[in-house]
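Down below is the structure, laid out as structure tokens.
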Amino acid sequence: MSAAFLDLSVVLYHPDPELLARSLDTIGAAADRLTEGAGVRTRLWIVDNGAPKGSDSGSNPFRALLDSYAAAGRPPVMLIAGHGNVGYGAGHNLAIRQGDAPYHLILNYDILLEPDALLAGWRYMEAHPRTVLLTPKVFGPSGEQEFLCKRRPTVLDLGLRAFAPGSVKRMFAKRLDRYEMRDVTRDAVVTGLEQVSGAFMLFRRDALTRLGGFDDGYFLYFEDFDLSRRAIALGEIAYVPDVRMVHFGGKAARKGGAHIRMFARSALRFFNTHGWRLV
8 MSAAFLDLSV VLYHPDPELL ARSLDTIGAA ADRLTEGAGV RTRLWIVDNG APKGSDSGSN
68 PFRALLDSYA AAGRPPVMLI AGHGNVGYGA GHNLAIRQGD APYHLILNYD ILLEPDALLA
128 GWRYMEAHPR TVLLTPKVFG PSGEQEFLCK RRPTVLDLGL RAFAPGSVKR MFAKRLDRYE
188 MRDVTRDAVV TGLEQVSGAF MLFRRDALTR LGGFDDGYFL YFEDFDLSRR AIALGEIAYV
248 PDVRMVHFGG KAARKGGAHI RMFARSALRF FNTHGWRLV
């Protein structure tokens with residue numbers, strides 16, 4: 008594939024159809040803007056972890072939506088299905104291993120890209136060859152900024168942020184603000200980051216390939232932190248506020264006991280790999 012291409016991958020697990028349709032619209036519009044502004048074409052990989060193992064991708068419940076997306080002149084869609092629910096990172100790895108563009112964007116489905124998001128990301132990466140991973144400025148559905156870049160966590164940081172009631176969080180507000188990098192990730196570019204969210208990770212392919220993609224041992228949660236920390240050895244991680252999106256994600260504690268257990272297992276793996284810090 009020529010240098011003027013970008014691969015994107017989105018992993019689905021029984022998504023909200025309306026939100027998925029809105030997300031695809033914004034991805035398509037941002038891809039069009041990237042082509043207009045830089046002559047860069049885009050290929051979208053949809054990985055359906057919700058389809059039963061061995062199922063036929065042609066009968067996928069989102070096939071009609073993806074076909075209408077492509078029929079509207081949007082970038083080509085490559086559907087990967089029939090592998091069962093292998094987890095978030097492992098799902099993205101299926102697309103990463105098949106892609107060959109010089110940049111690969113790992114993306115959640117529960118996001119809305121700003122029209123210039125891909126173009127701004129591409130231009131920054133082209134101008135800063137030491138940057139191996141880029142993360143955007145993120146807003147919540149109500150327009151407030153979300154702080155998805157993190158400093159290296161302690162067990163206390165994670166427990167407070169994920170599970171503490173509001174009254175306790177207010178007691179530790181300064182500590183949590185520092186963990187969430189609210190002091191620096193505002194309206195200026197920041198480099199030298201340690202950990203960024205898997206909701207949007209724009210990688211140089213050569214770096215992503217050298218890292219082997221996500222660690223398949225994380226089923227859900229912390230796979231992005233692990234990948235970020237490993238990426239530091241290959242170059243800079245940059246927060247670029249000109250790249251913008253809206254995020255509809257939620258916390259593990261709001262999703263029930265199964266998610267809390269997955270969160271705990273992944274946290275254990277993360278700390279065992281990268282070192283324990285209690286407080």
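What the sequence shown shows, in our numbering, is residues 8 to 286, in sequence order.
Glycine included, every Cβ here is placed at the ideal spot set by N, Cα and C.
All values derive from a computational prediction rather than experimental measurement.
Judging by CA-CA distance, which residue of Ile53, Pro143 and Arg168 is the nearest neighbour of Ala77?
Position 70 of the sequence shown holds residue 77. Taking only the C-alpha atoms, the option nearest Ala77 is Ile53.
Residues in the same chain with beta-carbon distance under 6 Å from Ala127, minus the five sequence neighbours each way, listed in chain order, please.
Reading the sequence shown from its first residue, position 120 is the one you call residue 127. Excluding positions up to five away in sequence, the list reads Asp249 and Val250.
Can you give the Cα-Cα distance for Leu13 and Trp129, rounded to whole angstroms?
Locating residue 13 in the sequence shown gives position 6, where the first residue counts as 1. Locating residue 129 in the sequence shown gives position 122, where the first residue counts as 1. Going by the C-alpha atoms only, they are around 9 Å apart.
Are the CB atoms of Val175 and Leu167 within a distance shorter than 8 Å?
Residue mapping note: residue 167 aligns to position 160 of the sequence shown, counting from 1. Residue mapping note: residue 175 aligns to position 168 of the sequence shown, counting from 1. For Leu167 and Val175, yes; Cβs fall inside 8 Å.
Quick one, are the C-beta atoms of Pro59 and Gly35 less than 8 Å apart?
Counted from its first residue, the sequence shown places residue 59 at position 52. Counted from its first residue, the sequence shown places residue 35 at position 28. Not closer than 8 Å, so no.
Looking only at its chain, what residues have a beta carbon closer than 7 Å to the beta carbon of Ser9, apart from the 5 residues adjacent to it on each side?
Here residue 9 corresponds to residue number 2 of the sequence shown, with the count starting at 1. With a pLDDT of only 47 at Ser9, under the threshold of 50, the placement of this residue in the model should not be trusted; the figure read from the coordinates follows. None.
Residues in its own chain within less than 6 Å of His281 by CB, not counting five upstream and five downstream?
Counted from its first residue, the sequence shown places residue 281 at position 274. Arg236, listed in sequence order.
With DSSP run on the structure shown, which of helix, strand or coil describes Trp52?
By 1-based counting over the sequence shown, the position of residue 52 is 45. Strand.
Look up Phe12 in the DSSP assignment and give the residues it is bridged to.
Within the sequence shown, the letter at position 5 stands for residue 12. Partner(s): Arg48.
Between the alpha carbons of Val197 and Asp63, how many angstroms are there, rounded?
Position 190 of the sequence shown holds residue 197. Position 56 of the sequence shown holds residue 63. Near 44 Å, if we compare the C-alpha coordinates of Asp63 and Val197.
Beta carbon of Tyr186, beta carbon of Lys157: below 8 Å?
The residue given as residue 186 occupies position 179 in the sequence shown. The residue given as residue 157 occupies position 150 in the sequence shown. Result yes, Cβ atoms of Tyr186 and Lys157 sit closer than 8 Å.
Secondary structure at Glu230, three-state DSSP: helix, strand or coil?
As a working mapping, residue 230 is identified with position 223 in the sequence shown. In this structure, Glu230 counts as helix in the three-state DSSP scheme.
Enumerate, from N- to C-terminal direction, the unbroken beta strand (DSSP E) stretches of 3 or more residues contained entirely within the region 71-104.
Listed in chain order, they are 84-87.
Between which residues of its own chain and Leu209 is the CB-CB distance below 6 Å, once the five residues before and five after are set aside?
What you label residue 209 is simply residue 202 of the sequence shown in a count that begins at 1. Only Leu112, Gly128 and Leu141 meet the Cβ criterion.
Residues in its own chain within less than 8 Å of Leu218 by CB, not counting five upstream and five downstream?
Mapped onto the sequence shown, residue 218 falls at position 211. So the list reads Leu234, Arg237, Ala238 and Leu241, once near-sequence residues are dropped.
For Glu43, which option in Asp223, Pro160, Asp213 and Asp123 has the closest C-alpha, if you only look at C-alpha atoms?
Residue numbering aside, residue 43 sits at position 36 when the sequence shown is read from its first letter. The shortest Cα separation from Glu43 among Asp223, Pro160, Asp213 and Asp123 belongs to Asp123.
In the DSSP output, which residue or residues are listed as bridge partners for Lys157?
Residue mapping note: residue 157 aligns to position 150 of the sequence shown, counting from 1. Its beta-bridge partners are Gln202.
With H, G and I counted as helix, E and B as strand and the rest as coil, what does DSSP make of Pro68?
What you label residue 68 is simply residue 61 of the sequence shown in a count that begins at 1. Correct three-state label for Pro68: coil.
Name the one or two DSSP bridge partners that His111 has.
Against the sequence shown, residue 111 aligns to sequence position 104. According to DSSP, which records beta bridges pairwise, His111 is partnered with Asp14 and Phe210.
Assuming the contact rule is C-beta atoms closer than 8 Å, Ala108 and Arg40 should be a hit. Round their C-beta distance to whole Å, please.
Within the sequence shown, numbered from 1, the residue matching residue 108 stands at position 101. Within the sequence shown, numbered from 1, the residue matching residue 40 stands at position 33. Ala108 to Arg40, Cβ: 17 Å. No contact.
Report back the beta-carbon spacing between Arg70 and Ala38 to the nearest angstrom; my notes put them in contact at under 8 Å.
For this step, residue 70 is matched to residue 63 along the sequence shown. For this step, residue 38 is matched to residue 31 along the sequence shown. Wrong, their Cβ atoms sit about 20 Å apart, outside the cutoff.
Let me confirm a value: Met178 is counted as buried when at least 16 other C-beta atoms fall within 10 Å, else exposed. Which label applies?
On the sequence shown, residue 178 is found 171 positions in, with the first residue counted as 1. When all chains shown are included, Met178 counts as exposed.
Taking His99 and Gly220 to be in contact with their CB atoms under 8 Å, please state how far apart those CB atoms are, rounded to whole angstroms.
On the sequence shown, position 92 is the one that residue 99 refers to. On the sequence shown, position 213 is the one that residue 220 refers to. Going by Cβ atoms, the distance from His99 to Gly220 rounds to 7 Å, so yes, they are a contact pair.
DSSP on His21, reduced to helix/strand/coil?
Counted from its first residue, the sequence shown places residue 21 at position 14. Correct three-state label for His21: coil.
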